[in-house]
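Working notes, structure below.
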Amino acid sequence: MILGIGTDIVEIARIHDSVSRLGERFLKRLLTDSEMARYHEIKHVNSAMAFVAKRFAAKEAVAKALGTGIGRGLSFQHIEVSNDALGKPVVSVKSHGNLLMKQSVKWHLSISDERDYAQAFVILEANESDS
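Just so we're aligned: the sequence shown equals residues 15 to 145 in the working numbering.
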């Protein structure tokens, strides 16, 4: 059973401006420690900004799927986006008091970027044994 869907699109230049203006303060607010480590491994600035923009869009989409938005008991730090061995994006949500998180759920995440924009789409699904 689908519990929620969320989508977000962000202009990569907007994220670049925030990183330029606020630096590590912005990055520490948005990225978890492991995401930050991956960010610092990226050599090219355009690729790094796309990485950050995709995480921003994905986390906003997750918050929309939960129905809470960021800032209502859910922070960017509660949400981590990583990749499996094949490169597929994977979402994990840490200790959020939302009732949905008391169920066993499955996240489906698609992330994309193209020159100026990064976009994410999320489906939050109850595991079949819980529905």
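A virtual CB, placed ideally from N, CA and C, is assigned to each residue, including glycine.
Between residue 68 and residue 132, the gap from beta carbon to beta carbon is short of 8 Å. Annotation: residue 142 is outside any alpha helix (DSSP H) and is labelled neither H nor E by DSSP. Rounded to the nearest whole angstrom, the CA to CA distance from residue 34 to residue 17 is 37 Å.
In the three-state DSSP reduction, residue 102 falls in the coil class, being neither helix nor strand. The C-beta distance from residue 72 to residue 134 rounds to 4 Å, short enough to fall under 8 Å. Taking 8 Å as the cut-off, the Cβ atoms of residue 49 and residue 105 do not count as close. As a beta-bridge residue in DSSP terms, residue 136 pairs with 20, 123. Residue 29: member of the alpha helix (DSSP H) spanning 26 to 36, first to last residue. The beta carbon of residue 141 sits closer than 8 Å to the beta carbons of 117, 118, 119, 120 from its chain, once the five residues preceding and following it are set aside; these are given in chain order. Here the C-alpha atom of residue 54 lies approximately 16 Å from the C-alpha atom of residue 70. Secondary structure note for residue 96: its beta strand (DSSP E) is the uninterrupted segment 93 to 97.
Taken atom to atom, the span from the alpha-carbon of residue 43 to that of residue 19 is near 24 Å.
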